[in-house]
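Novice: Under my numbering, the residues of the sequence shown are numbered 18 to 453, in order.
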Amino acid sequence: MCSYSSVSTQANHWRLGDITTGLQGTGAEVWRPDVNKIIDAKIGELDAELRDLNLDIHDHPELRFEEHHAHDVLTAFMSKHGFTVTKHYLLETAWLATFTHREGGRTLGVNSEMDALPGIGHACGHNLIAIAGVAVAIAVKTAIEQLDIPGKIVLLGTPGWYFPRKVAQGKLSYWTRERIRGMDACIMCHPGPGVALSASLATTLAIAMMTVEYHGHTAHAAAAPWEGLNALDAAVSAYNNISMLRQQLKPTHRVHGTIRGRDWAPNIIPDYSKMEWYIRAPTRVEVDATLPRVRTCLEAAGLATGCRAEIKDPEHIHFDLRQNKSLGEEFERVFSSKYGMVDKSGSRGASTDFGNVTYALPSLHPGFAIPTVEGGGNHTPEFAKSSATPEAHQATLSVSKALAAVGFRVLADDSFFAKVKETFEQDKTLREIVSS
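#1: Please classify Ile-450 as buried or exposed, where buried requires at least 16 other C-beta atoms within 10 Å of its C-beta.
#2: Go through its chain and collect everything with a Cβ distance to Thr-38's Cβ below 8 Å, but skip five positions before and after it.
#3: Between the region 375 to 392 and the region 334 to 350, do three or more beta carbon pairs fall short of 8 Å?
#4: Which ranges would you report for the beta strand (DSSP E) in the region 390 to 441 if only whole runs of at least 3 residues count?
#5: On the premise that Phe-352 lies in contact with Ala-419, defined as a C-beta separation below 8 Å, what is that separation, rounded to the nearest angstrom?
#6: Taking the DSSP output, what are the residues bridged to Arg-277?
#7: Return the residue from the list Arg-198, Ala-401 and Phe-100 that minimises the CA-CA distance to Leu-107.
#8: Might you give, ordered along the chain, the residues of its own chain that have their beta carbon closer than 6 Å to the beta carbon of Ala-321, omitting 5 neighbours on each side?
#9: Note down, in chain order, each residue of its chain lying with its Cβ closer than 8 Å to the Cβ of Ala-238, except the 5 sequence neighbours on either side.
#10: Distance, Cα to Cα, Trp-294 vs Gly-121?
#11: Determine contact between the region 226 to 242 and the region 321 to 331, defined as no fewer than three beta-carbon pairs at a distance below 8 Å.
#12: Please report the straight-line C-alpha distance between Phe-348 and Lys-291, rounded to a whole angstrom.
#13: Of all the options Cys-141, Phe-94, Arg-123 and Trp-48, which has the alpha carbon lying nearest to the alpha carbon of Thr-397?
#14: Distance check for Leu-381 and Leu-344, CA to CA, integer angstroms please.
#15: Distance, Cα to Cα, Lys-438 vs Glu-391?
#16: Determine the burial state of Thr-269: buried for a count of at least 16 other Cβ atoms within 10 Å of its Cβ, exposed for fewer.
#17: Kindly confirm or deny that the region 210 to 227 and the region 154 to 164 touch, where touching means at least three C-beta pairs closer than 8 Å.
#18: Using a 10 Å radius around the Cβ and a threshold of 16 neighbouring Cβ atoms, would you call Ala-93 buried or exposed?
#19: Beta-carbon separation of Ser-354 and Gly-44 under 9 Å?
#20: Please classify Ala-152 as buried or exposed, where buried requires at least 16 neighbouring CB atoms within 10 angstroms.
#21: Would you mind listing the beta strand (DSSP E) stretches within the region 81 to 129 that are 3+ residues and don't spill past its ends, in chain order?
#22: Can you list, in chain order, the residues of its chain whose CB lies under 7 Å from that of Ile-148, leaving out five sequence neighbours each side?
#23: Since Phe-348 sits in a beta bridge, which residues does DSSP pair it with?
#24: From Pro-78, Arg-350 and Lys-169, pick the residue whose C-alpha is nearest to that of Ala-422; which is it?
#25: Would you identify the three-state DSSP class for Leu-447, choosing helix, strand or coil?
#26: Identify which residue in Phe-400, Lys-436, Asp-430 and Ala-409 has its Cα closest to the Cα of Gly-136.
#27: Tell me the DSSP bridge mates of Ile-328?
#28: State yes or no: is the C-beta of Ile-204 within less than 9 Å of the C-beta of Gly-126?
#29: So, Lys-169 versus His-118, is the Cβ gap smaller than 9 Å?
#30: Beta strand (DSSP E) containing Thr-5: first to last residue?
#31: Please return the same chain residues whose Cβ sits closer than 6 Å to the Cβ of Leu-40, not counting the five positions on each side in sequence.
#32: What number of angstroms, rounded off, separates the C-alpha of Tyr-256 from the C-alpha of Glu-79?
#33: Determine the DSSP secondary structure at Ser-368, reduced to helix, strand or coil.
#34: Got a sec? Which residues, its chain only, sit under 6 Å from His-273 by beta carbon, not counting five neighbours each side?
#35: My understanding is that Ala-202 touches Val-427, with C-beta atoms under 8 Å, so please give their C-beta distance in whole angstroms.
#36: Quick check: the Cα distance between Gly-357 and Gly-42, rounded to an integer number of angstroms?
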């Protein structure tokens with residue numbers, strides 16, 4: 018779903034084996050200790066099963082929209098634990114697991130991600146996100162059953178997200194809308210490197226993707242180069258244009274991309290090149306403002322080289338992540354009381370399609386730290402190894418317990434949920450003011 022920088026602003030990493038198990042928090046009072054006891058016991062009971070599931074997904078890495086093994090093992094697991102499962106929900110490798118206790122309650126949404134990265138497997142730890150969603154959903158189910166609280170749990174198995182050209186845009190938009198239909202709140206989490214026993218409530222960057230294809234003309238590179246129109250030159254020029262643009266962008270903005278070719282050879286003037294650019298900024302408003310400047314750089318390269326520039330403007334923008342204030346405060350209370358510390362500052366410097374969810378309804382998406390080696394952060398082979406460690410597994414269970422407690426309170430506490438809605442509307446008003 019996204020790449021994450023350090024969970025904590027402190028610049029250190031765990032050595033493998035540094036984490037200790039058991040409660041590590043302050044012991045401060047939480048809303049309902051009986052609920053936490055039920056949740057902790059259930060997730061503890063599931064520990065071995067979740068560990069097997071975790072390693073099964075980790076050892077069978079699948080790229081976005083190809084998560085067939087993960088789809089099958091996760092849906093089987095949720096069926097086994099009493100959820101009604103819909104396989105291949107809206108997309109081939111997406112799935113839905115629901116559970117309802119009594120009528121008239123609220124609906125809690127939970128997300129499980131499953132996809133791996135090309136060449137480096139689960140180097141973003143989505144195997145951990147998958148089991149976190151499962152743990153949260155089953156723990157909340159157990160709590161509402163035992164305490165006879167009306168409510169519905171919707172666990173979504175979400176496939177890869179990065180601007181999937183292979184999925185029709187209309188279908189993708191439909192998926193984005195439908196996956197949150199009827200939810201009152203939605204929660205998930207994401208691992209990253211950081212300080213032991215820590216979680217983060219930071220924001221993420223909004224992101225859009227722009228592509229350009231340059232169409233030129235081949236020629237013999239030595240005998241008659243003047244007969245050619247060099248599409249590689251166009252791409253290099255565009256790259257340099259954007260490199261110069263970066264000097265005039267704010268430090269919080271990111272523009273980064275790649276160059277691809279087709280049938281290139283040193284003695285042939287290239288007639289085709291393709292570039293993909295990601296444009297990121299702290300808010301979707303700032304992304305919107307940056308896009309025309311990037312487009313101008315791409316157009317200018319085509320004009321300078323005589324190549325035709327075929328530019329595809331963004332079909333979809335992933336918004337910045339807006340952590341719901343009331344949900345975040347409750348998560349901080351529970352996590353810091355029982356499991357560790359919470360960092361609320363800054364941005365993770367990454368992006369997530371969950372940002373769009375946070376614009377649509379009250380949502381929470383904490384990051385959490387797992388043990389890594391120096392230089393072994395997200396999207397590295399070292400992080401893929403770290404995401405399979407027992408220490409990473411235990412860190413995932415800790416954040417799952419805290420998220421489950423927050424999710425249960427959404428379903429059970431009317432006054433709390435009223436505050437959740439109030440803070441969502443306040444943030445929505447603030448966003449509208451900034452956009453105007």
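Heads up, the beta-carbon is just placed ideally off N, CA and C, and yes, glycines get one too.
Specialist: The relevant details are as follows:
#1: Residue numbering aside, residue 450 sits at position 433 when the sequence shown is read from its first letter. Exposed, because fewer than 16 other Cβ atoms sit within 10 Å of the Cβ of Ile-450.
#2: Taking the first residue of the sequence shown as 1, we reach residue 38 at position 21. Low local confidence applies: a pLDDT of 40 at Thr-38 is under 50, so the model's placement there is unreliable, with the coordinate-based value given in what follows. If we look at Thr-38 and ignore the five residues flanking it on each side, its Cβ neighbours are Gln-411.
#3: yes
#4: none
#5: As a working mapping, residue 419 is identified with position 402 in the sequence shown. As a working mapping, residue 352 is identified with position 335 in the sequence shown. Going by Cβ atoms, the distance from Ala-419 to Phe-352 rounds to 4 Å, so yes, they are a contact pair.
#6: What you label residue 277 is simply residue 260 of the sequence shown in a count that begins at 1. DSSP output for Arg-277 lists Lys-291 as bridge partner(s).
#7: For the purposes of this step, residue 107 is identified with residue 90 of the sequence shown, where counting begins at 1. Checking every option, the nearest Cα to that of Leu-107 belongs to Arg-198.
#8: By one-based count along the sequence shown, residue 321 stands at place 304. Counting only Cβ-Cβ distances below 6 Å, and skipping sequence neighbours, we find Ser-254.
#9: Numbered from 1 along the sequence shown, position 221 holds the residue referred to as residue 238. Correct list, in chain order: Gly-245, Pro-283, Asn-284, Ile-285 and Ile-286.
#10: Position 277 of the sequence shown holds residue 294. Position 104 of the sequence shown holds residue 121. Spanning the two alpha carbons is a distance of roughly 46 Å.
#11: yes
#12: By one-based count along the sequence shown, residue 348 stands at place 331. By one-based count along the sequence shown, residue 291 stands at place 274. Distance between the alpha carbons of Phe-348 and Lys-291: 44 Å.
#13: Sequence index remark: in the sequence shown, residue 397 carries index 380 (1-based). When each option's Cα is compared against that of Thr-397, the closest is Cys-141.
#14: Translated into positions along the sequence shown, residue 344 becomes position 327. Translated into positions along the sequence shown, residue 381 becomes position 364. Taking the straight line from one Cα to the other gives about 6 Å.
#15: Within the sequence shown, numbered from 1, the residue matching residue 438 stands at position 421. Within the sequence shown, numbered from 1, the residue matching residue 391 stands at position 374. Using only the alpha carbons, I get a separation of about 41 Å.
#16: Looking up residue 269 in the sequence shown gives position 252. By the 10 Å Cβ count, Thr-269 comes out exposed.
#17: no
#18: If you number the sequence shown from 1, residue 93 lands on position 76. Result: exposed.
#19: Residue 354 sits at position 337 when you count from the first residue of the sequence shown. Residue 44 sits at position 27 when you count from the first residue of the sequence shown. Against a cut-off of 9 Å, the Cβ pair of Gly-44 and Ser-354 comes out as a contact.
#20: Along the sequence shown, one-based indexing puts residue 152 at 135. With 16 or more Cβ atoms within 10 Å of its Cβ, Ala-152 is classed as buried.
#21: 101 to 103 and 112 to 118
#22: Counting from one through the sequence shown, the residue named residue 148 turns up at place 131. Cβ neighbours of Ile-148 beyond the five flanking positions: Leu-67, Leu-70, Asn-71 and Thr-413.
#23: In the sequence shown, counting from the first residue as 1, residue 348 sits at position 331. Answer is none; Phe-348 lacks a bridge partner.
#24: Position 405 of the sequence shown holds residue 422. Ranking Pro-78, Arg-350 and Lys-169 by Cα distance to Ala-422 puts Arg-350 first.
#25: Position 430 of the sequence shown, counted from the first residue, corresponds to residue 447. Note: Leu-447 maps to helix in three-state DSSP.
#26: Counted from its first residue, the sequence shown places residue 136 at position 119. If we check each option's Cα against that of Gly-136, Phe-400 comes out closest.
#27: For the purposes of this step, residue 328 is identified with residue 311 of the sequence shown, where counting begins at 1. Answer is Val-229, bridged to Ile-328.
#28: Taking the sequence shown and counting its residues from 1, the one referred to as residue 204 is at position 187. Taking the sequence shown and counting its residues from 1, the one referred to as residue 126 is at position 109. The answer is yes: Cβ separation under 9 Å.
#29: As a first step, residue 169 is located in the sequence shown; it is residue number 152 there, counting from the start. As a first step, residue 118 is located in the sequence shown; it is residue number 101 there, counting from the start. The answer is yes: Cβ separation under 9 Å.
#30: No answer is possible for residue 5: it lies beyond the span of the chain, which begins at 18 and ends at 453.
#31: As a position in the sequence shown, residue 40 is number 23, starting the count at 1. Caution is warranted here: a pLDDT of 46 is assigned to Leu-40, below 50, making its placement in the model unreliable, and the coordinate value is therefore given only provisionally. Cβ within range, chain order: Lys-355.
#32: Against the sequence shown, residue 256 aligns to sequence position 239. Against the sequence shown, residue 79 aligns to sequence position 62. Straight-line Cα distance between these residues: approximately 31 Å.
#33: Position 351 of the sequence shown, counted from the start, is the residue given in the question as residue 368. Correct three-state label for Ser-368: coil.
#34: Locating residue 273 in the sequence shown gives position 256, where the first residue counts as 1. Within the same chain, His-273 has close Cβ partners Tyr-295.
#35: Position 185 of the sequence shown holds residue 202. Position 410 of the sequence shown holds residue 427. 5 Å between Cβ atoms; contact.
#36: Position 340 of the sequence shown, counting from 1, holds the residue named residue 357. Position 25 of the sequence shown, counting from 1, holds the residue named residue 42. Taking the straight line joining both Cα atoms gives about 5 Å.
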